[in-house]
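Read the structure below first, then the notes.
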Amino acid sequence: MKKATFFKFIAVLCSLLITIPNVIVISDEKPNVGTVIGIDLGTTYSCVGVYVNGRVEILTNDQGNRITPSYVAFTDDERLIGDAAKNQYSNNPQNTIFDSKRLIGRRFSDKEVQQDIKHFPFKVIDKDGKPVIQVTVKGEERIFTPEEISAMILGKMKEIAESYLGKKVTHAVVTVPAYFNDAQRQATKDAGVIAGLNVLRIVNEPTAAAIAYGLDKSDGERQILVYDLGGGTFDVSLLSIDDGVFEVLATAGDTHLGGEDFDNRVIDHFVKLYKKKNKIDVTQDLKAMGKLKREVEKVKRTLSSQMSTRVEIESFYDGKDFSETLTRAKFEELNNDLFRKTLKPVEQVLKDANIDKKDVHDIVLFVLLHSKSQIFSTAADNQPTVLIQVYEGERFMTKENNLLGKFELTGIPPAPRGIPQIEVTFEIDTNGIVKVSAADKSTGKTESITIINDKGRLSQEEINRMVEEAEQFAEEDKIQKERIEAKHQLENFAYTIKSQIFDDRGLGKKISDDDRKIIKDSIKTVEDWLNNHSNSAIKEDFDEKREELQSIVNPITTKLHADGQAPPPPRHEDL
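This is the structure:
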């Protein structure tokens, strides 16, 4: 999904979305929640936008980029998120986490999870049937859930927005693939809570794209097909737009198909090629595989505009370089079955919506929101209770689908089988989460269930613990940031003074040899201390050393300034 397309929609999301069966209508009513940010939480990249001054602003991160890699890394000293995490990936692959969206809300035994584990350099282990990530943090083994990693990325987006707005942000709208199941949606909301965000809406990505695309279209009814092939997921939705009303006609997709799969095909190709030529299996060398992954991502983008390109990696394995050519034709051959796989959902949505492809007006490259009721009855005479079981899936046999939950409606008055009328209603809220209710029409008695899907969702205790840990990490990040800033202030002050005392056109020309030696020796003492203690020292240590150096330098430079011979030394806050 295109980032600009999504964030054009944030202006709409800041308004209340009201849903009626299978139709989305946009209201002017706005909840009093302060500034609401829009987050596109992607498998490979994420971004954040905010509606200000009558337009949507897509915010840049601290590197000046509008998109941020969905990477989290742990080094010996700190936690890194985004560009910094991705940039050090090839040197620290086992502690650099990516593609956490492919694990969120899933079971460890899922075929897709087992398939992904083969390509991950970090460890994914089984904990109570759920996939969790094992990394080394400051010399100790730590376990993180996919929700916690996603929360760190959401927290980074929150931080970017707060830096831009200059105030605290507490509410957000987050996009998810249309084909995310209930557990994956719940897990995404949990990640928001851990990040300190109240997720007002979980919005299907194709719907967001279609609404953004159709906001300025007023030329009658139009059928729009949204083809959203992302880094790790694929969605197709068919919508009808007419006078500001967006009707989702059908949706289909694959939550495990995207750019990462194309990359993995190319990586596997080069691994086999290298093994054939050199009789060496490089898959056990995580650093070599990290370098190859990084270059394959670049090559894929290059082939969008060129027919062929070379993959060059210095010191790829055992000091030897890697050099191979990849053509666009070979890339297409390696991924041909995956490309064809994207056509099936397109055919499916056209079939489900009973629309011919010639009737589709627009294709947007880059959920069915409604309620439905049905009458059921008893299977035996005088049956007092009915068991309602809710399944998710499209398989013909019930047992082959996923059981989401079940509940009982009791107190049914005695009657022959088939006589009682029990109305079962399925409702999908604006976040795509299912609520099922059953009502006995003769008595009015009602029972209901909201599909929590505990099999894939975190418990409240786990969420609370993760919120505390997220706050702990945030505090650690703050301490680390202050420590680094204090170190830089000391280094900059020492460097600036050192440059000035040897500047023949400035301070160096005026200062006496004795004073120059005093300052030079003091700076040498600081430099030696930095070489030996910069990794272990805390903020207060750096501040103390800077103040010690200032106490020696300032009297000398102040004396020169009083004599009108030289400017005063720079203040550390100006460096």
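Sequence positions in the sequence shown follow mature numbering (1 follows the signal peptide of the UniProt record, and there is no 0) and run -25 to -1, 1 to 550. All C-beta atoms in this analysis are idealised placements derived from N, C-alpha and C, irrespective of residue type, glycine included. Computed from a prediction, not measured in an experiment: that's the story for all the values here.
Best match in V286, S279, G294 for proximity to A304 [C-alpha to C-alpha]: Sequence index remark: in the sequence shown, residue 304 carries index 329 (1-based). Ranked by Cα distance from A304, the options V286, S279, G294 are led by S279.
Can you name the start and end residues of the alpha helix (DSSP H) that Y249 belongs to? The residue given as residue 249 occupies position 274 in the sequence shown. Looking at the DSSP string, the run of the alpha helix (DSSP H) that includes Y249 is 234 to 253.
Going by DSSP in three states, Q364 sits in which element: helix, strand or coil? The sequence position of residue 364 within the sequence shown is 389, counting from 1. Of the three classes helix, strand and coil, the one that applies to Q364 here is strand, per DSSP.
Quick check: the Cα distance between D51 and G114, rounded to an integer number of angstroms? By one-based count along the sequence shown, residue 51 stands at place 76. By one-based count along the sequence shown, residue 114 stands at place 139. Cα to Cα, the separation comes out at about 7 angstroms.
Run through DSSP, which three-state label would T425 get? Here residue 425 refers to the residue found at position 450 when the sequence shown is read from its first residue. Three-state DSSP puts T425 in a strand.
On the CB-based measure, 16 or more other CB atoms within 10 Å of its CB, does P389 come out buried or exposed? Locating residue 389 in the sequence shown gives position 414, where the first residue counts as 1. Note on P389: under 16 other CB atoms within 10 angstroms of its CB, so exposed under the neighbour-count rule.
Return the CA-CA distance between F95 and N253, expressed in angstroms with no decimal places. Numbered from 1 along the sequence shown, position 120 holds the residue referred to as residue 95. Numbered from 1 along the sequence shown, position 278 holds the residue referred to as residue 253. For F95 and N253, the distance between alpha carbons rounds to 24 angstroms.
Beta-carbon proximity check, L16 vs V149, cutoff 8 angstroms: On the sequence shown, residue 16 is found 41 positions in, with the first residue counted as 1. On the sequence shown, residue 149 is found 174 positions in, with the first residue counted as 1. With a cutoff of 8 angstroms on beta-carbon distance, L16 and V149 are scored as near each other.
Would you kindly work out how many angstroms separate the C-alpha atoms of P121 and E308, rounded to a whole number? By 1-based counting over the sequence shown, the position of residue 121 is 146. By 1-based counting over the sequence shown, the position of residue 308 is 333. Cα to Cα, the separation comes out at about 33 angstroms.
K295 versus K326, D203, I14, A263, residue with shortest Cα-Cα distance: Within the sequence shown, the letter at position 320 stands for residue 295. Checked all of K326, D203, I14, A263; the closest Cα to K295 is A263.
Measuring alpha carbon to alpha carbon, tell me which of K247, P152, I527, P359 ends up nearest G386. For this step, residue 386 is matched to residue 411 along the sequence shown. It is P359.
Reference T425; option with closest CA among A60, T400, H508: Reading the sequence shown from its first residue, position 450 is the one you call residue 425. Residue T400 holds the alpha-carbon nearest to the alpha-carbon of T425 among A60, T400, H508.
If you reduce the DSSP assignment to three classes, tell me which class residue 565 lands in. A query on residue 565 cannot be resolved here, the shown segment of the chain reaching from -25 to 550 and no further.
Cβ-Cβ distance between D203 and A184 below 8 angstroms: As a first step, residue 203 must be located in the sequence shown, where it is residue number 228. As a first step, residue 184 must be located in the sequence shown, where it is residue number 209. Taking 8 angstroms as the cut-off, the Cβ atoms of D203 and A184 count as close.
Alpha carbon to alpha carbon, how far is L505 from Q455? For the purposes of this step, residue 505 is taken as the residue at position 530 of the sequence shown. For the purposes of this step, residue 455 is taken as the residue at position 480 of the sequence shown. Looking at the two C-alpha atoms, the distance is approximately 16 angstroms.
Proximity winner among I513, S487, D415, relative to R458 (alpha-carbon distances): Residue numbering aside, residue 458 sits at position 483 when the sequence shown is read from its first letter. Each of I513, S487, D415 was checked against the Cα of R458, and the nearest Cα belongs to I513.
Pairwise C-alpha distance: T533 and I472: For this step, residue 472 is matched to residue 497 along the sequence shown. For this step, residue 533 is matched to residue 558 along the sequence shown. I472 and T533: Cα-Cα distance of roughly 13 angstroms.
From which residue to which residue does the alpha helix (DSSP H) around G490 run? Looking up residue 490 in the sequence shown gives position 515. Contrary to the premise, residue 490 reads as Asp rather than Gly in this sequence. Start and end: 488 to 508.
Using a Cβ-Cβ cutoff of less than 7 angstroms, which residues in the same chain neighbour K381 once the five nearest sequence positions on both sides are dropped? Residue numbering aside, residue 381 sits at position 406 when the sequence shown is read from its first letter. Within the same chain, Cβ atoms closer than 7 angstroms to the Cβ of K381 are found at L362, I363, Q364, V365, the five residues on either side in sequence being excluded.
Do you know offhand how far I486's Cα is from K499's? The residue given as residue 486 occupies position 511 in the sequence shown. The residue given as residue 499 occupies position 524 in the sequence shown. If you take the alpha carbons of I486 and K499, they lie about 18 angstroms apart.
Closest to I124 by CA distance: which of Y139, H463, V168 is it? Residue numbering aside, residue 124 sits at position 149 when the sequence shown is read from its first letter. Per the C-alpha coordinates, the member of Y139, H463, V168 positioned closest to I124 is V168.
First and last residue of the alpha helix (DSSP H) that includes Y139? As a position in the sequence shown, residue 139 is number 164, starting the count at 1. That run of the alpha helix (DSSP H) goes 121 to 140.
In DSSP terms, what R54 is bridged to: Position 79 of the sequence shown, counted from the start, is the residue given in the question as residue 54. Answer is F49, bridged to R54.
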